[in-house]
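With positions in the sequence shown counted from 1, the corresponding number in our numbering is that position plus 1413.
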Amino acid sequence: VQLQASGGGLVQAGGSLRLSCAASGVIFSIYEMGWYRQALGKQRELVATVTGGDIRNYADSVRGRSTVSRDNAKNTVYLQMNSLKPEDTAVYYCNAYIRSPFAYTYWGQGTQVTVSS
């Protein structure tokens, strides 16, 4: 199983970005998918997650500005981020808890998001 993330880039404060992450390989089922981020010199932190039943969870720092969603037919999770702030600058990693056939947490390679002031 592999997770391929895309959609990062450089954006001005107040702008928007949409990240995508597709899971591929032998997949029996996907439970939870989500996004984490790691800023330079800081620990990795949760951004948002979504379960197979579409229950969504957000970090306080992004709630109201971001929307996590998934397309189960495409095994893909998305993160729409609006009103971006310089403090959102980080490497964003997608994450998925997948049964293939044993359940395991997989990580994508990370995509850089840079927000300029």
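Where a beta carbon is used, it is the ideal one built from N, C-alpha and C, also for glycine.
Are the Cβ atoms of residue i and residue j separated by less than 9 Å?
| i | j | result |
| --- | --- | --- |
| Tyr1510 | Tyr1519 | yes |
| Cys1507 | Leu1432 | yes |
| Ser1513 | Ala1426 | no |
| Ala1435 | Thr1489 | yes |
| Arg1457 | Val1463 | no |
| Ala1503 | Leu1453 | yes |
| Val1526 | Arg1450 | yes |
Can you pull the DSSP bridge partners for residue i?
| i | result |
| --- | --- |
| Ile1443 | Ile1511 |
| Val1424 | Val1528 |
| Gln1415 | Ser1437 |
Taking residue i as the reference, which of the options has the closest Cα?
| i | options | result |
| --- | --- | --- |
| Ser1419 | Arg1483, Val1528, Tyr1491 and Glu1445 | Tyr1491 |
| Met1446 | Val1439, Ala1461 and Gln1456 | Ala1461 |
| Val1414 | Ser1442, Leu1423, Gly1422 and Gly1421 | Ser1442 |
| Gln1389 | Gly1465, Asp1501 and Gly1521 | Because the chain is modelled from 1414 through 1530, residue 1389 falls outside the range shown and cannot be assessed. |
| Val1424 | Gly1523, Lys1498 and Phe1515 | Lys1498 |
| Ala1516 | Val1439, Gly1421 and Gly1422 | Val1439 |
Once the 5 residues before and after residue i are set aside, which same chain residues still bring their CB inside 7 Å of it?
| i | result |
| --- | --- |
| Ser1496 | Gly1427 and Arg1478 |
Got a sec? Which residues, its chain only, sit under 6 Å from residue i by beta carbon, not counting five neighbours each side?
| i | result |
| --- | --- |
| Gly1521 | Leu1416, Ala1418, Cys1434, Tyr1506 and Cys1507 |
| Tyr1471 | Ala1461 |
| Arg1483 | Met1446, Val1463 and Val1490 |
| Tyr1437 | At residue 1437 the sequence reads Ser, which differs from the Tyr that was named. Here the set comprises Gln1415. |
Ignore the nearest five residues each way along the sequence and tell me which others in residue i's own chain have a CB closer than 8 Å to its CB.
| i | result |
| --- | --- |
| Asn1485 | Ile1443 and Gly1465 |
Legend entry - Those runs of the beta strand (DSSP E) which lie wholly inside the region 1429-1513 and span at least 3 residues: Listed in chain order, the beta strand (DSSP E) runs fully inside the region 1429-1513 are 1430-1437, 1442-1451, 1458-1463, 1469-1471, 1479-1484, 1489-1494 and 1503-1512, counting runs of at least 3 residues.
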